[in-house]
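Just below is one structure, and these are the notes that go with it.
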Amino acid sequence: MFVITKEVYFCYGHRLMNHPGKCRNLHGHSVKASISIRAAQLNEQAMVCDFSDVKACVETFIDDVLDHNFLLHKDDPLIPALTAHNEQFLALDEHPTAEVLSKMIYQYVKQRGFDVDQVVLWETSSACACYRED
Ligand SMILES: Nc1nc2c(c(=O)[nH]1)N=C([C@H](O)[C@H](O)COP(=O)(O)OP(=O)(O)OP(=O)(O)O)CN2
Ligand SMILES: [Zn+2]
1 MFVITKEVYF
11 CYGHRLMNHP
21 GKCRNLHGHS
31 VKASISIRAA
41 QLNEQAMVCD
51 FSDVKACVET
61 FIDDVLDHNF
71 LLHKDDPLIP
81 ALTAHNEQFL
91 ALDEHPTAEV
101 LSKMIYQYVK
111 QRGFDVDQVV
121 LWETSSACAC
131 YRED
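In this text, residue positions in the sequence shown follow our numbering: the first is 1, and each later residue adds one.
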C-alpha cells in the first residue's frame, strides 16, 4: 500500500461550549490539516495521485466552509446575537473539536472520489486529532 500526504493551513475561531476549562471561551487557532490518500497500485505517472489534486480538492472545502469562519455548536446561545448582527458563523451538530473537524474534512475528500487513509488536524503545535475508517 502506498500513502501520500498533503498539508494545508487555515484559521478559525471557535469555542467548546461545555469544556470545563479555558476552551469554553471564544478563541481561535491557526491549524494544519494533513490529508493522506492511499492506493495499492501507482497510476501511470507512478503516483498515488498528484499532490496538487489533493490540494485543489480540500482547499475548495476549507476556503468555502472553514477558513476564517467562526465554528459553533448549533445550540450555542451566541448564535441569535451573531445572526442579529449579520456576522458569519458555521453551526455544527457537534462541538467544533479537532476530532469533528478532521472527520468533516475526511468525509468531504472521500465524497470527491479519493481513497482517504486519514486526516490529521493539528489544532496547536502540540495537539492533533486523527480521523480514519476501517
Ligand atoms: N480531544 C480534544 N481536546 C481538546 C480539544 C479538541 O479539539 N479535542 N480542543 C481544545 C481547545 O480548543 C484547544 O485546542 C486547546 O488545546 P490545548 O492543547 O489544551 O492547548 P494549550 O495550548 O493550552 O495546551 P498546551 O499544553 O499549553 O500546549 C482543548 N482540548
Ligand atoms: Zn480551540
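Every residue gets a Cβ at the ideal spot worked out from N, C-alpha and C, and that includes glycine.
On a predicted model such as this, the values are computed, not experimentally measured, just so you know.
Report all residues from its chain with a CB closer than 7 Å to the CB of residue i; omit the five preceding and five following residues, and keep chain order.
i	result
Met17	Arg24, His73, Asp76, His95
Cys57	Val109, Arg112, Phe114
Tyr106	Val116, Val119, Tyr131
Below 8 Å on the Cβ atoms is my guess for residue i versus residue j; work out the distance and round it to an integer in Å.
i	j	result
Cys130	Gln111	Not confirmed; about 19 Å, so no contact.
Leu90	Leu78	Contact flag wrong, Cβ pair sits at about 12 Å.
On the CB-based measure, 16 or more other CB atoms within 10 Å of its CB, does residue i come out buried or exposed?
i	result
Leu101	buried
Glu123	buried
His14	buried
Ala40	exposed
Phe2	exposed
Thr60	exposed
Lys22	exposed
Leu26	exposed
Relative to ligand 1, is the shortest distance from any of its heavy atoms to the C-beta of residue i smaller than 7 Å?
i	result
Cys23	yes
His68	no
Glu94	no
Ser126	yes
Ala129	yes
Taking DSSP as the reference, what is the three-state secondary structure of residue i?
i	result
Phe61	helix
Phe89	coil
Gln41	coil
Less than 7 Å between the CB of residue i and some heavy atom of ligand 2, yes or no?
i	result
Glu99	no
Val29	The residue asked about is misnamed: residue 29 is His in this sequence, not Val. Yes, ligand 2 has a heavy atom inside 7 Å of this Cβ.
His14	yes
Glu123	yes
Please list, in chain order, all residues of the same chain as residue i whose beta carbon is under 6 Å from its beta carbon, the five residues on each side excluded.
i	result
Val120	Ser34, Cys128, Cys130
Glu99	Ala129
Pro80	none
Ser30	Cys11
His68	Cys11
Quick one: what's got a C-beta closer than 8 Å to residue i's C-beta in the same chain, skipping five residues either side?
i	result
Cys49	Ile4, Ile37, Ala39, Asn43, Phe114
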